[in-house]
Every structure is written in C-alpha cells, then in structure tokens.
Amino acid sequence: MRRLVALAVTLVSAFTLSACGSSSSSSGAGDDEPTKVIDITFDGNDVTPNGTDIDVKVGQRIELDVTADKPGEIHVHSSPEEQEFEYDAGSSTLQVTPIPAPGQVVVESHTLDKTLFTLVAR
Amino acid sequence: MTPLLIGGLLPEHGLGGAQDLPISRGLAITGAAIAVAVSFVVLALAWRTPRYDAATSGRPAPVWLSALVDSVWWRGLLHLIGLLALAYLIVVAVFGKDLLINPIFGIFYVWIWVGVPIASALFGRVWRALSPFRLISTGIARLSGGHPDEGLITYPERLGIWPAALGLYGFVWMELVYPHNVDLSPVRLWLGVYLGLMIIGGALFGNTFYARADPFEVYSSLIARLSIWGRRDGQLVLRSPLANLDTTPATPGLVGVISVLFGSTAFDAFRDSTRWLTFIQGTGYSTYLQNNLGLLAFCLAVGLIFWLACISTGVGPEQPRRRLPDLFAFSVIPIVLGYILAHYLSYVVEIGTQTLILTSDPLSNGSNLFGTGTLTVPYWLSYHPTFLATVKVLCVVAGHVLGVIAAHERAIKLLPKKHQLTGQLPLLAAMIAFTVGGLYLLFST
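Protein sequence lines correspond, in order, to chains A and B.
43 is the number of the first residue of the first sequence in this note's numbering; add one for each residue after it.
1455 is the number of the first residue of the second sequence in this note's numbering; add one for each residue after it.
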C-alpha cells in the first residue's frame, strides 16, 4: 500500500481535514492524561502484545516503544486517517496521533500480518 | 519515522478505520432479557389462528402510484440508472487507480452490501428494479421474440436460490477472509466474474436466473419482504411488514442464503475479538487458513442450528419434515436485517458518505465530477457511542421480535394442532440463541 501514497495524502487530507476540524474541540478529554506508553517487542515471527485490548482515553497521547530484531511496518487503523509507521531494528519510539472519537482502533504489524492489539478509546 | 497518512479506507483489514466501541454489559443483558421475555409472551399471547394470507392481504396502492411504477418509462428509467451505475463501476474498475481513494471499494463493500438492503427495506426490490442485466435480457428477448423471463433453457426448480447462497458466500469471503480485499485487481476480477456469470446465466435461463442466482438481487428481494411494498396477482399493494414477510416463497436454498447472511455478519464481529485473535495468532497456522475455516464454521453452524430446530417438531401425516426449514427460513430475515443494521450502522453512515465524496473523483485526479467532493463525513454517531449502542440493541431486539412473530404465524398455519406449541419451542430456542449470541458478539468485541 505504499503506491502513490503521497497523492493519496494530498487528496484525502483535503476531504478529511474538515472532519478533523470539528474533532479538535472534543480532543480535550485525554489531554491531561499521562502519555500511554505501549511496549512492543518483535522477535522473529513472535510479537508481544499479540491481539490484546488496550484501554486509552479519547485524545490521550500514545507512544509505541518498539524493540525489534529487524525493520518493519506498523499500521494504526484510525479514523479519519490511517497511520503507517516504519521502524528499524533495535529500539524506536513512535508517536501515534491521539484517537479523536470513541471507538476501537486496530493496530497491526504489516510485516508479520498479525494484529498487535486493539486500542479501545473511551 | 513520520506517519504516512493514507485514506480513511484501509489495507489488510477490510474497509473502514476505527470501529464502534463494544456495547455495555448492562445494555447487552437488557437486550437479551427483553428478547427472551418477548419470545415467550408471543408464544403465550399471540393469535391462535393464522392471520396472514398472501392471496388476500394488503390493500391496493393508490392508482397513480401503481400507474407510475408499472409504466414502461419508469421501469426503463430505473434500469437506465442501473446501467449508468454499471458503466461507472466498469470505468473505475478498469481506468481507476489502485488506490484506496478509488470509490470502487466503498461502492462494493458498503453501498452494495449494506446500502442496498437498507434501501430495499424502505423501497422494495431495489436491485431488481435497477438491475442492468434485466434490461439486457429484455432487449435480447424483444429482438428474438421470446419472453424475457424464459431463456433458452428452463431454470432447474430444484436449484432454487442455492446459486445465490454460493454467490453471497463468495462476497463475504472476499470481504472478511481474503487478505487483499482492498487491492483493485481482485475486486475487479470478482466483479468481472460476477458480470460474466450474470450475462451468460441470463442468456441461458432468462430473468428467472436473476431472481434465483444473482446474489445481490436475491439478498435485496428478501429484505424487501420487510418493506411495506408487495405484489398481489401482479398488482402493487401496501402491506404491513409482517404480512409482507409472510408472502416470502419457500424457495429451496433459502436456509443457505439466511445462513450465509447471518453467519458471516456474526463472524465479522467475532474475527476482531481478542479471544479469536489471540487464538489464531498463537496456533502457528496461517491466519488466512483459520479465517477461512472460521467463516465456513459460522455459516454452517447457523444453518445446522436452524435446520435442526425446524425439523425437531411433531408433524402431521404426509407432511414432509425436510421441507420445514425452507418453509420457516423467511422468519430469520428480520433477525438478519436487525443484526446487519446493528453491525454496520456507523459504517454505512461514515464510510458510505466517504464513498459518496470519493465518487466525484473516479480516476483519482482530484476532480469533483458530481459536486459531492466537498461534503464532509458525519462522525456524529462515533461521538455518541451510548446512543449508537442503544440503537444497535434496539435493531437486534426488534428483528428478533418480528422473527418470532413470523415463525409463530407460520407454525400455526403449518403444524397440526397438537404440535403447534411444542413444535415452536426448538425454533424459538434457536432464535434466542442467534439473538443472544449476536448481542454477546456486539458486547465482547
């Protein structure tokens, strides 16, 4: 899904920016919360967490601390925009855009084709 | 390390970004309790003599309305709209870019799968009215002097709507199991095969083929039985949804269609649950294989539970027991619609509107062809999860109540007097299992 991603960004952001605008007013809920830090460890074909639920607040800052034996890609299936992250072997820290509305957001490893966890935002 | 933002539609996980929150425990239990209670109230208090008769029920629609919908130009206009929609779909499939902003994905997975049944519940047999295939077969019949309903060969009655059940399974497999379901070429291939089969089938068997084997027409026409629009001896009549539902023909394969529709929606809820994910990702087998088995198991389980429940009744002499599942299967239609609404309501509003926005830019070059490109997606439902959850539970419970009443009516019509009460119990138990199971999946995922 890397094809012409830049073009997609331009077009989709034009469509969805207006939706973001309305969400900024309600993003206050989780602002005071401490950043949610989620540790992810990749080792060969194994990964932790492996399909669990993780509770977060709407608007809470989310940080992924990744330890990996080889580089890869993580997808965050949020609305209105999906987020894609690349990481290298070793340790890296990824900042996820806070989730603007209540809902469940699936976070997948594209490399392993596995669901890492589901963010349950309330 | 910067996040690469891509469309609101996504790879590897079907369409749609964030999903609804699970419904609360309290709401799930309340819904389930109401469903169970109402079931037994219906059993105890409902009418004891059959109320609905397809031959007499319904009152004629106003003359001007019948004249309008039965006029040649109105029918032609609808088919023409369908033909234009098909042309549009071919253009985006062939010339559109393989990007998530190609509207084909939203049209295929949201408009057709969820939008068409909602439209059918409101307006009747939408797909049949719009179907461009029927226009083609009517054209061929006119040229060759034949009747459009009959083709070269008579459609085998025994096949019933089994081909549609297979086609629907092909769709839900694509939607829920196939990993590359939002790449353009597999969707194009699916639609190409569908188009080819419809044209060949229509040429061979005439319009009967579309009524029995077009998965989307069968789906739409079944849900349309819950609308107020019916036909009696060809005349347009207005009926209560229950009376209209009762006119559903017991075509062979109805159990199959119902099982695929309900089983797949339940599997869609189940496949994202923590339990299933940790299980399949822990076994070491491919998730693709296990999702294949999961979908099949859900559809088979629904079919088997329903089938067993229907045949576990006392029957009269010369009453073939194996015919009962098809005769009762119509009563699951409201349960299916209620569950589909509950499951896909926010999806159809949000991704459905997103798709409407994207349709203005069929070739992904930034154009605003129909002026819909400037619309905004209404995220109101997502911001009001309690309201959304309540509506979902109401849909499930309402579907269940209609289903139980429909089955009760059929039981007192079909079963001999001494088996009427006890004969309903297994089916009632199956329906409660479907509804409580559905609520549990909405609660646990």
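For glycine and all other residues, C-beta sits at the position ideal for the given N, C-alpha and C.
On a predicted model such as this, the values are computed, not experimentally measured, just so you know.
Please list the partners that B:P1839 has in chain A, where partner means a Cβ-to-Cβ separation under 9 Å. In the second sequence, residue 1839 of chain B corresponds to position 385, counting from 1. The answer, in chain order, is A143, P144, G145, R164.
What residue ranges within the segment 1664–1745 of chain B form continuous alpha helix (DSSP H) runs of no fewer than 4 residues, ordered along the chain? For the segment 1664–1745 of chain B, the full-length alpha helix (DSSP H) segments reaching 4 residues or more read 1669–1677, 1695–1699, 1708–1724, 1728–1736 along the chain.
Of all Cβ atoms in chain B, is any one closer than 8 Å to the Cβ of A:V98? By 1-based counting over the first sequence, the position of residue 98 of chain A is 56. Contact with chain B is absent for A:V98, since none of that chain's Cβ atoms lies less than 8 Å from the residue's Cβ.
Please report the distance separating the alpha-carbon of B:A1515 from that of B:A1521. If you number the second sequence from 1, residue 1515 of chain B lands on position 61. If you number the second sequence from 1, residue 1521 of chain B lands on position 67. C-alpha separation (whole angstroms): 10 Å.
CB of B:R1679 within 8 Å of CB of B:N1661, strictly: Position 225 of the second sequence, counted from the start, is the residue given in the question as residue 1679 of chain B. Position 207 of the second sequence, counted from the start, is the residue given in the question as residue 1661 of chain B. No.
Closer than 8 Å, CB to CB, is B:L1475 near chain A or not? Within the second sequence, residue 1475 of chain B is the residue found at index 21, counting from 1. Yes, contact with chain A.
DSSP three-state label for A:Y129, please. Position 87 of the first sequence, counted from the first residue, corresponds to residue 129 of chain A. In the structure shown, A:Y129 sits in a strand (DSSP, three-state: E or B).
Exposure label - B:R1693; buried when at least 16 CB within 10 Å: The count along the second sequence starts at 1 and reaches residue 1693 of chain B at position 239. Buried: at least 16 other Cβ atoms inside 10 Å.
Starting from B:Q1874, follow the alpha helix (DSSP H) in both directions and report where the run begins and ends. Within the second sequence, residue 1874 of chain B is the residue found at index 420, counting from 1. That run of the alpha helix (DSSP H) goes 1874–1898.
Through-space distance from A:V79 to A:G132, alpha-carbon basis: The residue labelled residue 132 of chain A in the question sits at position 90 within the first sequence. The residue labelled residue 79 of chain A in the question sits at position 37 within the first sequence. When rounded, the separation of the alpha-carbon atoms in A:G132 and A:V79 is 17 Å.
With a threshold of 8 Å between beta-carbons, can A:K156 be considered close to chain B, or not? Locating residue 156 of chain A in the first sequence gives position 114, counting from the first residue. A:K156 counts as touching chain B.
Contact under 8 Å by Cβ, B:P1706 with B:R1612: Here the question's residue 1706 of chain B lines up with position 252 in the second sequence. Here the question's residue 1612 of chain B lines up with position 158 in the second sequence. In this structure, B:P1706 places its C-beta atom within 8 Å of the C-beta atom of B:R1612.
Any beta carbon of chain A sitting closer than 8 Å to that of B:A1472? The residue you call residue 1472 of chain B lines up with position 18 of the second sequence. Taking 8 Å as the CB threshold, B:A1472 lines the interface with chain A.
Give the residues of chain B in contact with A:T2, contact being defined as C-beta atoms less than 9 Å apart. The question about residue 2 of chain A has no answer here: the residues shown for chain A are numbered 43 through 164.
Using a Cβ-Cβ cut-off of 8 Å, state whether A:E124 counts as contacting chain B. For the purposes of this step, residue 124 of chain A is identified with residue 82 of the first sequence, where counting begins at 1. Judged by the 8 Å Cβ criterion, A:E124 is in contact with chain B.
Using DSSP's beta-bridge definition, name the partner residues of A:T160. Working through the first sequence from its first residue, we reach residue 160 of chain A at position 118. DSSP lists A:D95, A:V148 as partners of A:T160.
Here's the rule: buried if 16 or more other CB atoms are within 10 angstroms of the residue's CB, otherwise exposed. What is B:H1797? Start at 1 with the first residue of the second sequence, and residue 1797 of chain B comes out as number 343. Result: buried.
Can you confirm whether B:T1826, when its beta carbon is compared against all beta carbons of chain A, has any partner nearer than 8 Å? Looking up residue 1826 of chain B in the second sequence gives position 372. False, the Cβ-Cβ gap to chain A never drops below 8 Å.
Does any residue of chain B have a CB that is nearer than 8 Å to the CB of A:T153? Position 111 of the first sequence, counted from the start, is the residue given in the question as residue 153 of chain A. It does not; no Cβ of chain B falls within 8 Å.
Could you give the C-beta distance for B:I1805 and B:G1560, rounded to a whole number, given that I count them as a contact under 8 Å? On the second sequence, position 351 is the one that residue 1805 of chain B refers to. On the second sequence, position 106 is the one that residue 1560 of chain B refers to. 6 Å between Cβ atoms; contact.
With a Cβ-Cβ cutoff of 8 Å, do B:W1683 and B:G1578 count as a contact? As a first step, residue 1683 of chain B must be located in the second sequence, where it is residue number 229. As a first step, residue 1578 of chain B must be located in the second sequence, where it is residue number 124. Judged by their CB atoms, B:W1683 and B:G1578 are nearer to each other than the 8 Å cut-off.
What does B:Q1735 reach in chain A if we use C-beta pairs closer than 8 Å? Numbered from its first residue, the second sequence carries residue 1735 of chain B at position 281. Near B:Q1735 (Cβ distances below 8 Å), the residues of chain A are N92, G93, K156, T157.
From what residue to what residue does the beta strand (DSSP E) around A:K78 run? The sequence position of residue 78 of chain A within the first sequence is 36, counting from 1. That run of the beta strand (DSSP E) goes 78–85.
Determine whether the Cβ of A:V148 lies closer than 8 Å to any Cβ atom of chain B. Stepping through the first sequence from its first residue, residue 148 of chain A is reached at position 106. Any Cβ of chain B closer than 8 Å to the Cβ of A:V148 would place that residue at the interface, and such an atom is present.
Could you tell me which of B:L1630, B:V1636, B:H1634, B:R1588 sits nearest to B:M1652, measuring between CA atoms? By one-based count along the second sequence, residue 1652 of chain B stands at place 198. Ranking B:L1630, B:V1636, B:H1634, B:R1588 by Cα distance to B:M1652 puts B:R1588 first.
Relative to the C-alpha of B:R1529, which candidate in B:G1471, B:T1840, B:S1585, B:Y1609 has its C-alpha closest? Residue mapping note: residue 1529 of chain B aligns to position 75 of the second sequence, counting from 1. Measuring from the Cα of B:R1529, the nearest candidate turns out to be B:S1585.
Can the beta-carbon of B:A1489 be found less than 8 Å from the beta-carbon of B:H1854? Numbered from 1 along the second sequence, position 35 holds the residue referred to as residue 1489 of chain B. Numbered from 1 along the second sequence, position 400 holds the residue referred to as residue 1854 of chain B. Yes, these two residues count as a Cβ contact at 8 Å.
Considering only the alpha carbon of each residue, which of B:P1832, B:G1768, B:L1630, B:P1695 lies closest to B:T1741? Mapped onto the second sequence, residue 1741 of chain B falls at position 287. That would be B:L1630, whose Cα lies nearest to the Cα of B:T1741.
Counting Cβ pairs closer than 8 Å, one from the segment 1755–1768 of chain B and one from the segment 104–121 of chain A, do we hit at least three? Because the criterion of three Cβ pairs below 8 Å is not met, the segment 1755–1768 of chain B and the segment 104–121 of chain A do not touch.
Reduced DSSP secondary structure (H/G/I, E/B, other) of A:L136: Locating residue 136 of chain A in the first sequence gives position 94, where the first residue counts as 1. Shown here, A:L136 sits in a strand according to DSSP, grouped into three states.
Would you mind telling me which residues of chain A sit closer than 8 Å to B:T1741, beta carbon to beta carbon, in chain order? As a working mapping, residue 1741 of chain B is identified with position 287 in the second sequence. The contacting residues are D155, K156.
Do you know how far the Cα of B:F1716 is from the Cα of A:V155? Here residue 155 of chain A refers to the residue found at position 113 when the first sequence is read from its first residue. Here residue 1716 of chain B refers to the residue found at position 262 when the second sequence is read from its first residue. It is worth fixing the name first, because residue 155 of chain A is Asp in this sequence and not Val. If I take the Cα positions, the gap works out to 27 Å.
Nearest CA to the CA of B:F1659: which residue from B:F1784, B:H1601, B:D1815? Residue 1659 of chain B sits at position 205 when you count from the first residue of the second sequence. Selection B:F1784, B:H1601, B:D1815 evaluated against B:F1659 yields B:H1601 as nearest (Cα-Cα).
Compute the distance between the beta-carbons of B:G1768 and B:G1646, then report whether it is under 8 Å. The sequence position of residue 1768 of chain B within the second sequence is 314, counting from 1. The sequence position of residue 1646 of chain B within the second sequence is 192, counting from 1. Going by C-beta atoms, B:G1768 is not nearer than 8 Å to B:G1646.
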